[in-house]
Each structure stands twice: as C-alpha cells, then as structure tokens.
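Number of protein chains: 2
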Amino acid sequence: MERAAVTARTSPESARDIPEATVARLPVYLRALTTLSEQGTGTCSSEELAGAAGVNSAKLRKDLSYLGSYGTRGVGYDVDYLRYQIAREIGVTQDWPVVIVGIGNLGQALANYSGFRSRGFRVVALLDADPARRDEVVAGIEVRPFDDLEGIVREHSVAIGVIATPALSAQDVADRMVACGITSILNFAPFPLNVPDQVDVRKVDLSIELQILAYREQRKTGQGAPA
Amino acid sequence: MERAAVTARTSPESARDIPEATVARLPVYLRALTTLSEQGTGTCSSEELAGAAGVNSAKLRKDLSYLGSYGTRGVGYDVDYLRYQIAREIGVTQDWPVVIVGIGNLGQALANYSGFRSRGFRVVALLDADPARRDEVVAGIEVRPFDDLEGIVREHSVAIGVIATPALSAQDVADRMVACGITSILNFAPFPLNVPDQVDVRKVDLSIELQILAYREQRKTGQGAPA
DNA sequence: CCCGGTTTGTTCTCCCGTTCACAAACTCCT
DNA sequence: AGGAGTTTGTGAACGGGAGAACAAACCGGG
Ligand SMILES: NC(=O)c1ccc[n+]([C@@H]2O[C@H](COP(=O)([O-])OP(=O)(O)OC[C@H]3O[C@@H](n4cnc5c(N)ncnc54)[C@H](O)[C@@H]3O)[C@@H](O)[C@H]2O)c1
Ligand SMILES: NC(=O)c1ccc[n+]([C@@H]2O[C@H](COP(=O)([O-])OP(=O)(O)OC[C@H]3O[C@@H](n4cnc5c(N)ncnc54)[C@H](O)[C@@H]3O)[C@@H](O)[C@H]2O)c1
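Same order as they appear, the protein sequences are chains A and B. Here the first sequence stands for residues 29 to 255, numbered as in our numbering. Here the second sequence stands for residues 29 to 255, numbered as in our numbering.
Next comes the structure, spelled out in structure tokens:
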C-alpha cells in the first residue's frame with residue numbers, strides 16, 4: 029500500500045485519510061448506533077449493526093477498519109464506545125455553527141428541522157434578501173438581511189453555509205459566502221456552483237432524484253408511458 | 029456481465045443499459061441545455077455544455093455516447109435536439125404522477141415546489157396520518173388521510189411515492205406503498221428502508237450531507253474544534 | 001491449560017467509473 | 001476540390017470501491 033508513507037506523516041491519532049465512500053456511510057452507522065444505544069444494546073456484532081444501517085457486513089467492517097481497531101474478535105463492538113469514536117472522527121462531538129440563506133419554502137423547513145441541532149449543527153442565523161421577510165421569526169430565529177452575512181460569520185466563526193435561494197441567486201450567494209470565509213457549502217439550488225478549490229460544496233437536488241427514479245420506472249414498464 | 033442477457037431482451041431503440049453514474053448526470057445536462065435554449069443558444073460544443081453543467085468535457089461526451097451519436101463532429105450538439113433526446117431517455121417527456129406522504133415542514137415545502145411540475149412530475153395527492161392536518165390545503169391540494177393511499181394510487185396509476193414522515197413511520201409507509209403497487213420511492217426520513225428487490229428507493233439525507241462537510245472541515249483546520 | 005465456537009480485520013479479486021489521448025468526421029475558406 | 005482547423009466518439013489505462021473469503025484473535029467451558 030503506497031499510501032502508508034503518507035499516513036505515517038499525518039498526526040498520530042486517527043488522521044489516516046478515509047475513503048470518500050466510507051465517510052458518506054459513517055453518519056449512517058452513527059445513527060444506527062444511537063438507535064441501538066437508546067434501545068439499551070451494549071454490544072453488537074458487525075452483522076447486527078450492518079442490518080440496522082442497511083449495508084453489507086463486510087463493507088461495514090472494512091469501513092470501521094479505517095478508523096482503527098475498535099472491535100473485539102469473537103465479541104463485537106461496544107455500542108457507546110464505537111459511537112463516540114465515529115462521532116469524534118466525523119467531528120460532531122462539538123457544535124458547528126451554520127447559516128441558512130434563502131428563507132422560502134425549503135429554508136423554513138430546514139430552519140424548523142430539529143434533527144440538525146441534535147446532530148451537532150446549530151443554526152446561528154437565517155438570512156434573506158427580501159425586505160418583506162425581515163422581522164419574521166422562523167423556528168424562534170429572526171430573519172435578517174443578507175448583508176448581515178459577514179458580521180454573523182465573523183462573530184460566530186461560521187464555516188458552513190446552506191443555500192436555499194432560487195438558482196439564479198445561488199452563485200452570488202456562494203461568492204459572498206466564500207468572501208466572508210465560509211469554506212463548506214450545502215447547496216439546494218439547482219445550479220453548479222463555481223468556487224475555489226479549498227471550498228467544499230455538496231449539492232442536494234431533489235428533481236434529479238425523481239428523474240433517476242423516472243428513468244428506472246420507465247425501463248421497468250418496458251418504456252411504456254404512465255397513465 | 030450477467031446482465032447482458034436482460035439487456036438483450038429489451039426493446040430495440042435506445043435501450044442499451046446506461047451506467048448508474050451517467051443516469052445521475054443526465055438530469056444535470058438536461059437542465060443546462062434548457063438554460064442554454066432559453067438563452068437562445070442553438071448549438072453548443074461539449075466544452076460549453078460541460079462548463080454549464082459543471083463537469084469534465086470528456087465525461088460529458090462519454091455519457092452522451094451511451095445515448096447514441098447525437099452530435100456533429102467539428103460542430104457540436106444541437107441544443108433542442110439533444111435536450112429532447114435526453115428527456116426521452118430519462119422519461120420526462122410525459123408526466124409522472126407522484127404522491128407525497130407526511131405533510132409536515134418538509135412535505136409542505138415539497139408540495140409548494142414548482143420545479144417538480146416543470147420537470148414532468150405532478151403531485152396528485154398529499155397524505156398525512158394526523159387528523160388535525162385534514163382539510164388543510166397546501167399548494168392548492170387538499171391534505172387527505174393516509175388510508176386513501178390505495179384508492180389514489182389505483183385511480184392515477186401512481187408509480188412514484190415520496191416519504192416525508194418521521195423516521196419511525198417510514199418503514200410502515202413504505203410497506204403500504206409497496207402493497208399498493210408503488211415501485212419507486214424517494215425517502216427523506218433517516219431510516220434504511222427495507223423493500224422488495226423490484227422496488228427502487230433513493231434516499232435524501234440532509235444531516236448526512238452536513239456531517240460530511242463537517243468531517244472535511246475538521247480536517248482543513250487541523251482537527252481543531254470550531255469556535 | 002487447551003479446544004471449539006465466534007467474530008473481527010484484512011487480503012485478494014473483480015467491476016465500475018474517470019480521464020487521457022487520438023483517430024474519424026465535419027465545416028469553412030481558399 | 002483540397003487542406004486547415006475544430007470537435008466528436010471511443011479505446012485504453014488507471015484508480016477506487018464492493019464483496020467474498022480467510023486467518024488471527026478472543027471467549028467460555030471442561
Ligand atoms: N421547495 C422545495 O421543496 C425545493 C425542492 C427542490 C429544490 N428546491 C430549490 O431550493 C431553492 C429554494 O426553494 P424554495 O421553494 O424555498 O424557493 P422560495 O422562492 O420559496 O424561496 C427562496 C427564498 O430565497 C430568497 N432569496 C432570493 N434571492 C436571494 C439572495 N440573493 N440572497 C438571499 N436570499 C435570496 C427569496 O427572498 C426567498 O425567500 C430553489 O433553488 C429551489 O429550486 C426547493
Ligand atoms: N424538515 C427538514 O428540513 C428535514 C430535514 C432533513 C430531514 N428531514 C426528515 O424528513 C422527515 C419529515 O420532516 P418534517 O420536518 O417535515 O417532520 P414533521 O414532523 O414536520 O412532519 C411529519 C409529518 O408526517 C406525518 N406522519 C407521521 N406519521 C405518519 C404516517 N404513519 N403516515 C402518514 N403521515 C405521517 C405527521 O402527521 C407530520 O405531519 C423526517 O423524517 C425528518 O427527519 C426533514
């Protein structure tokens with residue numbers, strides 16, 4: 029493995045570079061472990077956990093092996109211990125401040141979602157360019173003008189921004205975010221954002237998901253049109 | 029590849045099996061082409077289209093080659109012609125009826141989203157188990173009891189269902205959907221659905237997206253904690 | 001102390017997707 | 001008509017991820 033050299037020079041504790049695909053599954057394991065823990069399960073095998081997470085057990089074990097050797101052969105994994113290790117690896121042991129820009133249909137739903145808070149994300153501000161939206165209070169947070177972005181980002185050291193504006197505004201918003209020092213963006217607008225290399229963007233595009241389903245659906249029915 | 033046999037029996041025109049990854053990008057190209065068309069662009073090169081879609085031009089050409097040879101060497105692609113070909117391949121030349129179950133924060137945002145309609149998806153019903161939600165009208169559509177699912181699915185030949193209920197209800201809802209004949213599910217609840225093989229599920233998990241960003245963010249700052 | 005049963009961690013192989021690079025094909029200008 | 005310039009479509013090399021399979025490690029009982 030030629031990556032051994034690189035791995036060796038990184039910092040001592042848990043800093044090996046984890047494959048992209050594995051990183052995307054760790055949150056799923058985390059959630060499954062939380063559920064198991066709440067059910068009072070103290071220990072679980074890779075088979076059980078894989079079942080709860082909806083993945084193959086071999087894949088699960090391989091994924092966990094990137095973090096280190098946290099299991100015990102012949103026994104399994106200690107639920108709470110493993111949960112903490114994954115949480116620490118992902119970085120959700122502490123709170124991440126987040127700003128949401130674009131408080132329309134989707135932005136309001138996001139602001140109202142309790143699942144973010146419980147997973148280590150704290151919405152510190154809701155921003156919207158529309159003056160009519162000011163003074164509105166969504167999820168107990170006042171909607172503020174978009175120009176307040178820079179001040180808020182500095183004050184709370186915000187690193188993560190969420191874009192829920194129309195597609196046409198998305199690039200402008202992203203540019204402003206980057207200028208303020210935000211380095212991670214979750215984009216709901218159907219527009220391919222152009223950002224500097226050091227800035228990470230993840231996009232969520234609901235229409236695309238439906239279109240993928242439509243494609244498969246069409247093939248199932250022998251490309252017949254729906255009703 | 030053992031799936032070749034299956035492919036062979038499908039109908040003659042444009043029924044090659046397209047790689048998963050390509051299918052996921054076709055909607056992106058479709059949107060980029062629509063934008064170009066609205067701007068009055070009649071022809072575009074793979075380089076231009078790739079730029080508008082945010083991908084590599086080589087990848088774009090390879091993706092399009094799975095559909096057939098719709099370009100002209102030395103010239104490029106006819107925007108409207110290519111757009112139609114992709115739309116036909118995906119199956120969005122006709123309307124797909126869709127039901128949304130769970131009309132809470134997220135379900136309401138989805139119901140109000142105009143982008144689905146314009147991309148070939150028609151919300152035929154909003155369903156919720158909470159009696160308090162009945163008689164509410166969201167996006168001009170009346171919220172109906174969950175038990176109406178079967179009748180609606182039959183009446184409109186619905187093949188695609190969207191789940192926006194809490195995680196604990198998601199599996200029940202999915203089971204009911206499958207029992208009614210729905211064969212494609214878009215799941216927003218953070219729960220790994222268990223469905224028969226012939227049913228396609230795509231999940232959208234917003235918390236996971238944020239957690240992936242948090243992981244990368246943590247590595248950027250030398251695993252330091254945020255403010 | 002030893003042995004059978006269990007489960008992890010890892011190795012190996014295969015497949016899918018990405019990217020490079022280039023020949024084939026087309027246009028336009030002379 | 002021919003050649004220069006442009007752009008597509010694809011063959012081939014490469015890297016990463018999925019899954020099977022197995023050896024190493026652990027537990028408990030005798
Ligand atoms: N609603 C959904 O379910 C849904 C589904 C899929 C995709 N999307 C996408 O998510 C985005 C938001 O959707 P929506 O339905 O909430 O739209 P919306 O029109 O309800 O809300 C958009 C909000 O963004 C604000 N805004 C516009 N320009 C801005 C700017 N430059 N700076 C700050 N704020 C600005 C508007 O004032 C408005 O409040 C869109 O890009 C849409 O395509 C939404
Ligand atoms: N709101 C968000 O932005 C957001 C973000 C990420 C994930 N999610 C997920 O999306 C789902 C919905 O989120 P939400 O914020 O809209 O929740 P919500 O509580 O606002 O709405 C859930 C709705 O589902 C209905 N419901 C419950 N059980 C049902 C059943 N068995 N059949 C039919 N309807 C039922 C409830 O009556 C309620 O109206 C949740 O699983 C949540 O984790 C939401």
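Backbone N, C-alpha and C fix where the C-beta goes; we use that ideal spot for every residue, glycine too. Note that the structure is a prediction, hence the values are computed from the model and not measured.
For residue i, three-class secondary structure by DSSP
i: residue 221 of chain B; result: coil
i: residue 149 of chain B; result: strand
i: residue 93 of chain B; result: helix
i: residue 158 of chain A; result: coil
i: residue 164 of chain B; result: coil
i: residue 143 of chain A; result: helix
i: residue 250 of chain B; result: coil
i: residue 135 of chain B; result: helix
i: residue 83 of chain B; result: coil
i: residue 55 of chain B; result: helix
i: residue 178 of chain B; result: helix
i: residue 244 of chain A; result: helix
i: residue 203 of chain B; result: helix
i: residue 113 of chain B; result: helix
Any non-hydrogen atom of ligand 1 closer than 8 Å to residue i Cβ
i: residue 7 of chain B; result: Residue 7 of chain B falls outside the range modelled here, since chain B spans only 29 to 255, and no answer is possible.
i: residue 129 of chain A; result: yes
i: residue 202 of chain A; result: no
i: residue 195 of chain A; result: yes
i: residue 176 of chain A; result: no
i: residue 218 of chain A; result: yes
i: residue 156 of chain A; result: yes
i: residue 137 of chain B; result: yes
CB contact check: residue i to chain A, cutoff 9 Å
i: residue 211 of chain B; result: yes
i: residue 87 of chain B; result: no
i: residue 102 of chain B; result: no
i: residue 220 of chain B; result: yes
i: residue 240 of chain B; result: yes
i: residue 134 of chain B; result: yes
i: residue 83 of chain B; result: yes
i: residue 56 of chain B; result: yes
i: residue 245 of chain B; result: yes
i: residue 52 of chain B; result: yes
i: residue 248 of chain B; result: yes
i: residue 36 of chain B; result: The predicted model places residue 36 of chain B with a pLDDT of 34, which falls under 50 and marks its position as unreliable, so this point remains unresolved.
i: residue 214 of chain B; result: yes
i: residue 147 of chain B; result: yes
Assigned exposure category for residue i - 16 Cβ within 10 Å defines buried
i: residue 90 of chain A; result: exposed
i: residue 183 of chain A; result: exposed
i: residue 215 of chain A; result: buried
i: residue 74 of chain A; result: buried
i: residue 211 of chain B; result: buried
i: residue 55 of chain B; result: buried
i: residue 173 of chain A; result: exposed
i: residue 165 of chain A; result: exposed
i: residue 125 of chain B; result: buried
i: residue 222 of chain B; result: exposed
i: residue 233 of chain A; result: buried
i: residue 84 of chain B; result: exposed
i: residue 121 of chain A; result: exposed
i: residue 235 of chain A; result: buried
Counterpart residues of residue i in DSSP-defined beta bridges
i: residue 266 of chain A; result: A query on residue 266 of chain A cannot be resolved here, the shown segment of chain A reaching from 29 to 255 and no further.
i: residue 230 of chain A; result: A:214
i: residue 172 of chain B; result: B:155
i: residue 189 of chain B; result: B:127, B:213
C-beta neighbour in chain B for residue i, strict 9 Å
i: residue 188 of chain A; result: yes
i: residue 172 of chain A; result: no
i: residue 197 of chain A; result: no
i: residue 235 of chain A; result: yes
i: residue 119 of chain A; result: yes
i: residue 141 of chain A; result: yes
i: residue 202 of chain A; result: no
i: residue 256 of chain A; result: Chain A is shown from 29 up to 255; residue 256 of chain A falls before or after that span and cannot be answered.
i: residue 80 of chain A; result: yes
i: residue 165 of chain A; result: no
i: residue 129 of chain A; result: no
heavy atom of ligand 2 below 8 Å from residue i C-beta
i: residue 148 of chain B; result: no
i: residue 161 of chain B; result: yes
i: residue 233 of chain B; result: yes
i: residue 133 of chain A; result: no
i: residue 141 of chain A; result: yes
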